[in-house]
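Chains as they are written, first to last, in my numbering: chain U, 1 to 116; chain V, 117 to 231. Beta carbons are placed, not taken as given, at the ideal position from N, Cα and C, and that holds for glycine. In what follows, a structure is listed as structure tokens, so that the remarks can point back to it.
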Amino acid sequence: DTEVTQTPKHLVMGMTNKKSLKCEQHMGHRAMYWYKQKAKKPPELMFVYSYEKLSINESVPSRFSPECPNSSLLNLHLHALQPEDSALYLCASSHPNGPEYNSPLHFGNGTRLTVT
Amino acid sequence: SQQGEEDPQALSIQEGENATMNCSYKTSINNLQWYRQNSGRGLVHLILIRSNEREKHSGRLRVTLDTSKKSSSLLITASRAADTASYFCATDPMLTQGGSEKLVFGKGTKLTVNP
């Protein structure tokens with residue numbers, strides 16, 4: 001079992017809905033990530049938070065809105081999504097970047113999102 | 117854009133055999149990591165090898181890194197049915213300040229170990 005917890009495990013939403021994905025970790029990691037993974041493809045980086053500040057946004061459409069309320073929580077707010085946004089959304093955490101760390105990522109089991 | 121490219125894309129072996137997966141990448145790196153993903157689950161970190169290391173072992177796993185060829189290999193010895201999963205290499209490009217904030221995943225190798 002993973003130490004990064006994601007809820008919900010499955011989500012079906014219409015294109016006009018607003019929903020949120022949640023992620024929680026208690027490993028003291030100060031970097032948290034959102035990845036999107038389509039079937040049979042590798043994960044694609046969406047956002048990175050370092051010390052609760054957004055440090056990387058990989059040109060993600062504004063219908064995805066990340067939020068990091070504290071060092072243990074990461075949310076992804078969804079609004080007006082398209083069917084092509086259906087995917088597995090993975091949260092991960094690690095020690096923040098820095099040559100002294102070379103820290104691997106710890107992943108949650110993801111939220112399987114279907115947009116109808 | 118993807119940094120790593122694994123080959124083969126799919127590999128099917130019998131239990132007890134060894135499995136070798138290869139990864140090639142394009143830019144200089146801080147480190148290279150291997151992850152496993154069981155179907156419908158998150159990724160699990162297996163092993164990290166730094167750019168100044170050439171070989172690393174962890175249990176039945178052996179990873180090599182050749183920075184001159186920009187390639188790495190993952191060897192799983194005495195494979196088990198439970199090793200059935202997708203395996204991804206991931207590179208930490210030296211363009212960043214270090215650490216894994218911009219980790220870039222390869223396309224993955226789907227390994228099937230038949231009992």
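- Here Lys186/V is not near Lys218/V, since their CB atoms are 8 Å or more apart.
- At a Cβ-Cβ threshold of 8 Å, Tyr49/U and Cys68/U count as neighbours.
- Note: Asn109/U is not bridge-paired with any residue in the DSSP secondary-structure output.
- The beta carbon of Asn75/U sits no closer than 8 Å to any beta carbon of chain V.
- Put simply, the backbone Cα of Thr225/V is about 9 Å away from that of Cys205/V.
- Put simply, the CB of Leu105/U is near chain V, with a gap under 8 Å to one of its CB atoms.
- According to DSSP, Cys23/U shares a beta bridge with Gln6/U and Leu74/U.
- Straight across, the Cα-Cα distance linking Ser144/V with Trp150/V is about 17 Å.
- Secondary structure note for Asn57/U: its beta strand (DSSP E) is the uninterrupted segment Lys53 to Asn57.
- Contact between Ser189/V and Thr180/V holds, since their C-beta atoms are separated by about 5 Å, short of 8 Å.
- Under the 8 Å criterion on CB atoms, Arg157/V is classed as interfacial with respect to chain U.
- The continuous beta strand (DSSP E) containing Ala87/U extends over residues Ala87 to Ser94.
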